[in-house]
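Quick note: the sequence shown uses the working numbering, first residue 437, plus one each step.
Each remark here refers to the structure printed beneath this line.
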Amino acid sequence: MMNKFICFTVCLLLNISFLVAQPQISLTPFASGISNPIEIEHANDERLFIVSRPGVIYISDSNGDIFSNPFLDISSQVMTGSERGLLGLAFHPDFQDNGYFYVCYSESPGGDNVVSRFSVDSSDPDIADPNSEQVILTISQPAGNHNGGDILFGHDGYLYIAVGDGGGAGDPQNNSQNPQNFLGTMLRIDVDNGSPYAVPSDNPFFNDASTLDEIWALGLRNHWRNSFDRVTGDLWIADVGQSAIEEVNFQAADSEGGQNYGWRCYEGSLPYNLTDCGPESDYTFPAFEYEHYGGGCSGSITGGFVYRGALFNGLYGKYLAADYCKGDFYWVEQTDTGFASGFIGTYTPFQYVSFGEDVYGELYIASLTSGTVEHITDTSDCRPAAVILSESFTETNPADFDSLPIELEAVYHPSLEYQWFLDNNIIPGATSHVHLVNDGESGTYSVMVTNPDNGCDNLSEDVDVFISPMNSVINDLTAFDDKFSMYPNPASNQLTLEFKDDKFNDLNIRVLDVTGRTLIESANVSTQQKLNIDTENLIQGVYFLSISTGNKTFNSKFQVVR
Numbered sequence: 437m438m439n440k441f442i443c444f445t446v447c448l449l450l451n452i453s454f455l456v457a458q459p460q461i462s463l464t465p466f467a468s469g470i471s472n473p474i475e476i477e478h479a480n481d482e483r484l485f486i487v488s489r490p491g492v493i494y495i496s497d498s499n500g501d502i503f504s505n506p507f508l509d510i511s512s513q514v515m516t517g518s519e520r521g522l523l524g525l526a527f528h529p530d531f532q533d534n535g536y537f538y539v540c541y542s543e544s545p546g547g548d549n550v551v552s553r554f555s556v557d558s559s560d561p562d563i564a565d566p567n568s569e570q571v572i573l574t575i576s577q578p579a580g581n582h583n584g585g586d587i588l589f590g591h592d593g594y595l596y597i598a599v600g601d602g603g604g605a606g607d608p609q610n611n612s613q614n615p616q617n618f619l620g621t622m623l624r625i626d627v628d629n630g631s632p633y634a635v636p637s638d639n640p641f642f643n644d645a646s647t648l649d650e651i652w653a654l655g656l657r658n659h660w661r662n663s664f665d666r667v668t669g670d671l672w673i674a675d676v677g678q679s680a681i682e683e684v685n686f687q688a689a690d691s692e693g694g695q696n697y698g699w700r701c702y703e704g705s706l707p708y709n710l711t712d713c714g715p716e717s718d719y720t721f722p723a724f725e726y727e728h729y730g731g732g733c734s735g736s737i738t739g740g741f742v743y744r745g746a747l748f749n750g751l752y753g754k755y756l757a758a759d760y761c762k763g764d765f766y767w768v769e770q771t772d773t774g775f776a777s778g779f780i781g782t783y784t785p786f787q788y789v790s791f792g793e794d795v796y797g798e799l800y801i802a803s804l805t806s807g808t809v810e811h812i813t814d815t816s817d818c819r820p821a822a823v824i825l826s827e828s829f830t831e832t833n834p835a836d837f838d839s840l841p842i843e844l845e846a847v848y849h850p851s852l853e854y855q856w857f858l859d860n861n862i863i864p865g866a867t868s869h870v871h872l873v874n875d876g877e878s879g880t881y882s883v884m885v886t887n888p889d890n891g892c893d894n895l896s897e898d899v900d901v902f903i904s905p906m907n908s909v910i911n912d913l914t915a916f917d918d919k920f921s922m923y924p925n926p927a928s929n930q931l932t933l934e935f936k937d938d939k940f941n942d943l944n945i946r947v948l949d950v951t952g953r954t955l956i957e958s959a960n961v962s963t964q965q966k967l968n969i970d971t972e973n974l975i976q977g978v979y980f981l982s983i984s985t986g987n988k989t990f991n992s993k994f995q996v997v998r
């Protein structure tokens, strides 16, 4: 069984994670006095939006002070009790321009899940228009528990909707394995097209008569809090178990969807009810799971985020999760060979119901019954994260002229200080978290990040930037567009240049590598002829064809493949 990982004890968790740095966290009070806080979101600015389960959304500033007026109050139309309430909030990717945000709530009096769009007040960005509701989707819920309700936008711009299995011990109706209903699934819809929505044509079951088009993944029980990695786009799904296993599922950003995460055939990686189930290969098993036993509230996972903030180096790249019942915190990190994980510790006051991420990637957590929100900090490593998000450009993969200047961006927080280096030398004045590299500035770049509050600093790993000398004159032979053809591209043993008229004479034709070094040259070429260039001795890679006449030079890129 692939990627199965069961944590039977804390000791086992520690034993298998010794090769990865073990974070130690502290929960710092941030905001309080909120009735049943159940979700924390940001709108791509410094405000935090705190969802109260009874049906109210509050705003907090960056200091944790709650605004006097709520952002939205729909408590009169929200049904609470059991696991119902205002359960989800997601801001449209273009919220700053269109003012749209989405909620998922249990409608009163029926209890069905309603996904609706609201708009911000046109005259006050801190107030929503309660009369702007447009219902997007209504999902029938047979019971008050396992409603799901988490909603989130992916990097693809589509809205993902978590729907629980409908309740009842052991999924008695086997809803999660029934592709003809929404229960026990992750849905994916396009809210920018259609009325009230469209189904993306690349959904895995689009136009499949056996499965509802909206379904992105199935086989889920009660996935409570899901998140996309803001850097990689990977999806993390935390699914609450029945009686033995709490699990975290991982879906890579390039996934085409269609995964079946196994419930009720499997609880985590343990068989649960194999009646009418397929072979193991039909199912996707967790990236991480831990065991719980006992009656009552003995285990209930709350999914978090991969930390991509800048303040805490020791947390960077680690996914955090907590147990609602026990207050236990865990970390999971993707490695070259799978996933590493570990137990962090037990924290009070328990009932941690939702993680949140602010605009800078800092993490928070809400406790349902205490009405508090706390900031998650790392006490094991005082250094800030020094991570350059930009890719490297090498001689075999040089930066294109059209991409100049190259933007190097470090993970950012406004309280930190930045200093860029080129070939280990300070770049004077390069003290922003973004540094632009222009033509003629090839080299090895790094950035020193300092936290002035504690004096700790951290130097990033190197990023190589190679800009070919040819880039400054590349113009894709636009002057020869209707006079000249070059083929094949990519070439193997021969590149053919065919001239279509005699406009130019005495051409100098060269083949250069990405460093600008001439490898092949033909002089006094007339456009009345066809020229075959032998590329058999060139290694696989990128080259430039340079054609000169008089004081004009034209260059174009081609490839040699083997």
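Heads up, the beta-carbon is just placed ideally off N, CA and C, and yes, glycines get one too.
Cα-Cα separation, residue i to residue j
i: Cys540; j: Ala634; result: 18 Å
i: Leu1015; j: Ile956; result: Since the first residue of the chain shown is 437 and the last is 998, residue 1015 is not available in this structure.
i: Asn894; j: Asp497; result: 29 Å
i: Trp699; j: Val627; result: 28 Å
i: Ile681; j: Phe902; result: 49 Å
i: Ala866; j: Gln613; result: 56 Å
i: Ile470; j: Pro566; result: 20 Å
i: Lys936; j: Asn639; result: 47 Å
i: Phe686; j: His591; result: 16 Å
i: Phe799; j: Pro850; result: At residue 799 the sequence reads Leu, which differs from the Phe that was named. Roughly 16 Å separates the two Cα atoms.
i: Phe664; j: Phe748; result: 19 Å
i: Gln995; j: Arg946; result: 15 Å
i: Ile563; j: Ser512; result: 17 Å
i: Leu948; j: Ile863; result: 31 Å
Beta-carbon proximity check, residue i vs residue j, cutoff 8 Å
i: Ile572; j: Pro490; result: no
i: Asn549; j: Val492; result: no
i: Gly655; j: Asn696; result: yes
i: Ala526; j: Phe589; result: yes
i: Glu475; j: Gly546; result: no
i: Gly735; j: Lys762; result: yes
i: Gly807; j: Pro473; result: yes
i: Ala674; j: Arg661; result: yes
i: Gly740; j: Ala757; result: yes
i: Gly892; j: Pro841; result: For the record, residue 892 in the displayed sequence is Cys; it is not Gly. Result no, Cβ atoms of Cys892 and Pro841 do not sit closer than 8 Å.
i: Asp817; j: Gly750; result: yes
i: Tyr726; j: Tyr766; result: yes
i: Arg483; j: Ile502; result: no
i: His528; j: Glu793; result: no
i: Asn941; j: Ser921; result: no
Reduced DSSP category for residue i - H, G, I as helix; E, B as strand; rest coil
i: Leu751; result: helix
i: Glu569; result: strand
i: Gln687; result: strand
i: Ser488; result: strand
i: Asn472; result: coil
i: Val446; result: For Val446, the predicted structure reports a pLDDT of 36, less than 50, and the residue's modelled location is therefore unreliable. A value from the coordinates is still provided. Helix, per DSSP.
i: Phe531; result: helix
i: Gln995; result: strand
i: Asn658; result: coil
i: Glu482; result: coil
i: Asp859; result: coil
i: Asn614; result: coil
i: Glu853; result: strand
Residues near residue i by beta carbon distance below 6 Å, same chain, minus five either side
i: Cys701; result: Leu710 and Cys713
i: Thr805; result: Gln787
i: Asn439; result: Low per-residue confidence applies at Asn439: pLDDT is 41, beneath 50, and the placement is therefore not dependable, though the value from the model is reported in the following sentence. Phe721, listed in sequence order.
i: Tyr755; result: Trp672, Val742 and Val768
i: Ser568; result: Phe554 and Ser555
i: Asn499; result: none
i: Phe857; result: Ser882
i: Ser984; result: Asn944
i: Asp898; result: Thr880 and Ser882
Residues of its chain near residue i, where Cβ-Cβ distance is below 7 Å and the 5 sequence neighbours each way are ignored
i: Ile651; result: Pro615, Thr621, Leu623 and Phe641
i: Glu703; result: Gly677, Gln678, Ala680 and Ile681
i: Val551; result: Tyr538, Cys540, Ile572, Leu573, Ile587 and Ile597
8 Å Cβ shell around residue i - same chain, five flanking residues per side excluded
i: Gln930; result: Asn968, Ile969, Asp970, Thr971 and Glu972
i: Tyr596; result: Ile587, Leu588, Phe589, Gly590, Met622, Leu623, Arg624, Trp652, Asn662 and Leu671
i: Val997; result: Pro926, Ala927, Ser928 and Gln976
Any chain B beta carbon closer than 8 Å to residue i
i: Ile956; result: No chain B is part of this structure, which consists of one protein chain only.
Any non-hydrogen atom of the ligand SAH closer than 7 Å to residue i Cβ
i: Thr954; result: As far as ligands go, the structure on display features none, and thus does not contain the ligand SAH.
Inspect the CB distances between the segment 881 to 890 and the segment 809 to 825 and report whether three or more fall short of 8 Å.
yes
Would you call the segment 514 to 525 and the segment 579 to 588 in contact, with 3 or more CB pairs under 8 Å?
yes
Evaluate the contact criterion for the segment 838 to 849 versus the segment 772 to 783: three or more CB pairs, one atom per stretch, below 8 Å.
no
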